[in-house]
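Asker: Once you've had a glance at the structure underneath, I'll fire off some questions.
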Amino acid sequence: MRRVSSAGYRLQPRTTLVRPKSSEPSAGRCLYAQGDSAQGTRQEDPVKQDQIWRELVWSERRGVKEWENNWDFLKNFDQTGEPKTEKPLPSYVPFFSDHLPNTNNQMIGSRLNTPMGKELVKMERLLFLSSRHQRRKHVLLCT
1 MRRVSSAGYR LQPRTTLVRP KSSEPSAGRC LYAQGDSAQG TRQEDPVKQD
51 QIWRELVWSE RRGVKEWENN WDFLKNFDQT GEPKTEKPLP SYVPFFSDHL
101 PNTNNQMIGS RLNTPMGKEL VKMERLLFLS SRHQRRKHVL LCT
């Protein structure tokens, strides 16, 4: 039996070559990239999984040490090359903001009459109206 395309052209016969099984990914790669093979390793061979974990931790530590050797000096200087000065932390930081109205379960609090509260209500209405408008267009396109 010969293979023929939809236009009537003859196609080459399929070859039945045996593909070599690909080797397992290196242990230095992320576990999430390994897919199902990592799942099988977890269940079947805990010693191998432990070895992969140790190699991942070791490579991460090695990367941190390399960064500290090569780029650690950048955290002590600003963009102009001047040494950064540490800002002292305040002795007390209030839990609630003095400038913004407090919210509870995404509802604006009792400071609605302030200019900031009115602006927040206006922005929230614009946000919800724009999403409703987009949904209407989407519904009209589907019908």
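Take the sequence shown: its letters are residues 1 to 143, numbered as in full-length UniProt numbering.
Where a beta carbon is used, it is the ideal one built from N, C-alpha and C, also for glycine.
Using the DSSP secondary-structure output, state which residues sit across from R14 in a beta bridge.
Answerer: DSSP lists no partner for R14.
Asker: Quick check on DSSP: helix, strand or coil for Q106?
Answerer: With a pLDDT of 47 at Q106, under the threshold of 50, the predicted position of this residue should be treated as unreliable, though the coordinate-derived value follows. The answer is coil: DSSP assigns Q106 none of H, G, I, E or B.
Asker: Looking only at its chain, what residues have a beta carbon closer than 6 angstroms to the beta carbon of R3, apart from the 5 residues adjacent to it on each side?
Answerer: Within the same chain, R3 has close Cβ partners L11.
Asker: Helix, strand or coil: how does DSSP classify P83 here?
Answerer: It is a strand residue.
Asker: Using a Cβ-Cβ cut-off of 6 angstroms (strictly less than) and excluding sequence neighbours within five positions of Y92, which residues of its own chain qualify?
Answerer: Nothing listed; no residue qualifies.
Asker: Determine the closest residue to E82 out of L74, E44 and L127, with distance taken between C-alpha atoms.
Answerer: It is L74 whose Cα lies nearest to the Cα of E82.
Asker: From what residue to what residue does the alpha helix (DSSP H) around V64 run?
Answerer: Note, V64: alpha helix (DSSP H), P46 to W71.
Asker: Step through the CB atoms of chain D and report whether any lies within less than 8 angstroms of the CB of K48.
Answerer: Going by chain labels, chain D is absent from the structure shown, which holds only one protein chain.
Asker: Would you check if the distance between the CB atom of F77 and the CB atom of K84 is smaller than 8 angstroms?
Answerer: Contact flag set, yes.
Asker: Check T41 in the structure and name its three-state DSSP category.
Answerer: Confidence at T41 is low in this model, with a pLDDT of 48, below 50, so the placement of that residue is unreliable and no value is reported for it.
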